[in-house]
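Chemist: The structure that follows is given in the form of structure tokens.
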């Protein structure tokens, strides 16, 4: 008997099956957000220790009220102007002698911060402010630090802080012993040392 | 004459659907790769805000998620409409954050415990009040590395879109 060729499998329903799976995955997919503004909380302090003395001129006060309005250094401000004001404050470098700041390019006004290491940005929120606004304010303040760090890094190493940091983060586990990696790490530390992110969120006040 | 009659059928030839499975498969593979199965069922509204100073987060096994927002529509009868905290897959009190974080931390491998990061997923319309309370709890629990999880985007859009 002659061998009959095997009948061809009907592939017409393939599309249906694929559609079924596709719809399943479409419905179950939630593309997870994996980015965020990284921050560090201060360790808990016990109430007896007095806070370290900080000169008033070294504090940049940002208040957010319940109507999402911004009060910066006792003046109303629009959010879009915040970064500029923060940069001017951090980079002021008004200190003299030891507390001076050789790399600052600010106005060196004696009424603003001495140097970036001493400059503290203090953010106080009303409980009724929305998170939307809060995150935008935080973002703008962080951006002020990023701008300054980028500038310092470009002057020193000819590369922005952001791109150096991205390179640092992208390094494979196996390359973490190479001299380039360690050098990069050192450079990042230098820049962070120049403009440390002193972003303080005040202790919540009990009485309004 | 029949020679001319033939031409009158000006119908378009049917579109070939032979490549349809290929297209569908392509989409299928995309979604299969992009899918992350949610660990926690969302009980609260959770629309994240946008920011542009974001960093990529740590590996998933170092993250502890805390969700804050209004209870979802189905849960508003039980939990009201003010902001609540969701830990794991249930809505909890703020005081439970301390225990939750400590439990999560001790469940981690020992070498990762001090790299633990708390990912705060806060709804963009939530009030800051609850977040402040949660942060105080986190300080108590010595979980100091936190991140405000947000989408990449222009933060100014947060304010306009209300």
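Chains as they are written, first to last, in my numbering: chain A, 1 to 208; chain B, 209 to 370.
Virtual Cβ for every residue (Gly too), placed ideally from N, Cα, C.
Might you give, ordered along the chain, the residues of its own chain that have their beta carbon closer than 8 Å to the beta carbon of residue 159 of chain A, omitting 5 neighbours on each side?
Modeler: Only 153 meet the Cβ criterion.
Chemist: Taking the straight line between their C-alpha atoms, what separation do you get for residue 367 of chain B and residue 177 of chain A?
Modeler: Answer to the nearest angstrom: the Cα atoms are 44 Å apart.
Chemist: Starting from the C-beta of residue 12 of chain A, find all residues in its chain whose C-beta is less than 8 Å away, skip the five residues before and the five after it, and write them out in chain order.
Modeler: Excluding positions up to five away in sequence, the list is empty.
Chemist: Output yes if chain A places a C-beta closer than 8 Å to the C-beta of residue 315 of chain B; else output no.
Modeler: No, its Cβ sits nowhere closer than 8 Å to a Cβ of chain A.
Chemist: Using only the alpha-carbon positions, how far apart do residue 285 of chain B and residue 298 of chain B sit?
Modeler: One C-alpha to the other measures close to 15 Å.
Chemist: Drop a sphere of 10 angstroms on the beta-carbon of residue 208 of chain A, count the other beta-carbons inside from all chains shown, and report buried for 16 or more, exposed for fewer.
Modeler: Low per-residue confidence applies at residue 208 of chain A: pLDDT is 42, beneath 50, and the placement is therefore not dependable, though the value from the model is reported in the following sentence. Residue 208 of chain A is exposed by the Cβ-count criterion.
Chemist: From residue 73 of chain A to residue 40 of chain A, what does the alpha carbon distance come to, in whole angstroms?
Modeler: Their backbone Cα atoms lie some 24 Å apart in a straight line.
Chemist: Mind pulling the chain B residues with CB within less than 7 Å of residue 19 of chain A?
Modeler: In chain order: 232.
Chemist: Determine the direct distance from the alpha carbon of residue 193 of chain A to that of residue 100 of chain A, and round the result to whole angstroms.
Modeler: When rounded, the distance between both Cα atoms is 15 Å.
Chemist: Tell me, which residues are paired with residue 60 of chain A by DSSP?
Modeler: Answer is A:121.
Chemist: Per DSSP, which one or two residues make a beta bridge with residue 273 of chain B?
Modeler: Answer is B:327, bridged to residue 273 of chain B.
Chemist: Using a Cβ-Cβ cut-off of less than 7 Å, give me the residues of the stretch 254-274 of chain B that come near chain A, in sequence order.
Modeler: Here the close residues are 256, 257, 259, 260, 261, 262, 263, 264 and 265.
Chemist: Using DSSP with H/G/I as helix, E/B as strand and the rest coil, what is residue 356 of chain B?
Modeler: Strand at residue 356 of chain B.
Chemist: Taking a cut of 8 Å between CB atoms, which residues from the stretch 42-56 of chain A lie near chain B?
Modeler: Hits within the stretch, in order: 42, 43 and 44.
Chemist: With a threshold of 7 Å on Cβ separation, who are the neighbours of residue 370 of chain B within its own chain once the five nearest residues in sequence on each side are excluded?
Modeler: With a pLDDT of 46 at residue 370 of chain B, under the threshold of 50, the modelled position of this residue cannot be trusted, and the question is left open.
Chemist: Would you call residue 149 of chain A buried or exposed, if buried means 16 or more other Cβ atoms sit within 10 Å of its Cβ?
Modeler: Per the 10 Å Cβ criterion, buried.
Chemist: So, does the stretch 181-190 of chain A touch the stretch 103-119 of chain A, judging by three or more C-beta pairs under 8 Å?
Modeler: Because the criterion of three Cβ pairs below 8 Å is not met, the stretch 181-190 of chain A and the stretch 103-119 of chain A do not touch.
Chemist: Output yes or no for whether 8 Å exceeds the beta carbon distance between residue 320 of chain B and residue 264 of chain B.
Modeler: No, Cβ-Cβ distance for residue 320 of chain B and residue 264 of chain B is not below 8 Å.
Chemist: Within 8 Å (strictly less), CB to CB, does residue 332 of chain B reach chain A?
Modeler: Yes, contact with chain A.
Chemist: Using alpha carbons as the reference points, say which of B:243, B:274, B:236 and B:221 lies closest to residue 330 of chain B.
Modeler: The residue with the shortest Cα to Cα distance from residue 330 of chain B is B:274.
Chemist: Quick check on DSSP: helix, strand or coil for residue 38 of chain A?
Modeler: Correct three-state label for residue 38 of chain A: strand.
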